[in-house]
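One structure is given here, and the rest of the page talks about it.
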Amino acid sequence: AEPPFPGLTLDLHGGMTRAPKPMDASQTALFHAVRDTGDLLGQTIAWKPSGGVCEGNNLHAAGLPNVDTLGVVGGDIHSDQEFAWPASFVERAQLSALILCKIASGEIDALKLKQLRLETM
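At position 85 of the sequence shown the residue is numbered 71 (my numbering), and the sequence of numbers has no breaks.
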């Protein structure tokens, strides 16, 4: 069979550049804190692997536990069909604000979470 574009060559450079972000003790503890905060607001927060990578992978590799996708509710993540429900903007802003208040007050102990992460590095 003839190639579709005779004379065309392709060189692929690069590769996997972000470390994985496993659900280790620090990630689990932070997720539980976020889930419990969501419960206070009547929001169900569930963990689901997305198969994607983001800044969270880099943060985790640097020793910082984090929870991705606390943004708006939507669907078809990481696709050209990805969408967001505008009705979820306020509830997610409330969730983020309450999480930050709990970290600022010490109710969510960020230093303990980081120590858990460092113990697994």
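Just so you know, even glycine gets a beta-carbon here, dropped at the ideal spot from N, CA and C.
Check whether the Cβ atoms of residue 56 and residue 81 lie closer than 8 Å to each other.
-> yes
Could you tell me the distance, in whole angstroms, from the CA atom of residue 103 to the CA atom of residue 17?
-> 13 Å
Endpoints, alpha helix (DSSP H) assigned at residue 76 | 75 to 91
When the Cα of residue 7 is compared with those of 35, -4 and 66, which residue comes out closest?
-> 35
Are there 16 or more other CB atoms within 10 angstroms of the CB of residue 12, so buried, or fewer, so exposed?
-> Buried, since its Cβ has 16 or more Cβ neighbours within 10 Å.
Any chance you could list the alpha helix (DSSP H) runs of at least 4 consecutive residues sitting entirely within the segment 7 to 63, in chain order?
-> 11 to 26 and 41 to 47
Applying the criterion that 16 or more other CB atoms from any shown protein chain within 10 Å of the CB defines a buried residue, is residue -1 buried or exposed?
-> exposed
Would you mind giving the Cβ-Cβ distance between residue 94 and residue 48, rounded to the nearest angstrom? I have them listed as a contact below 8 Å.
-> Incorrect: roughly 19 Å between the Cβ atoms, too far for contact.
Is residue 4 closer than 8 Å to residue 44 when the C-beta atoms are compared?
-> yes
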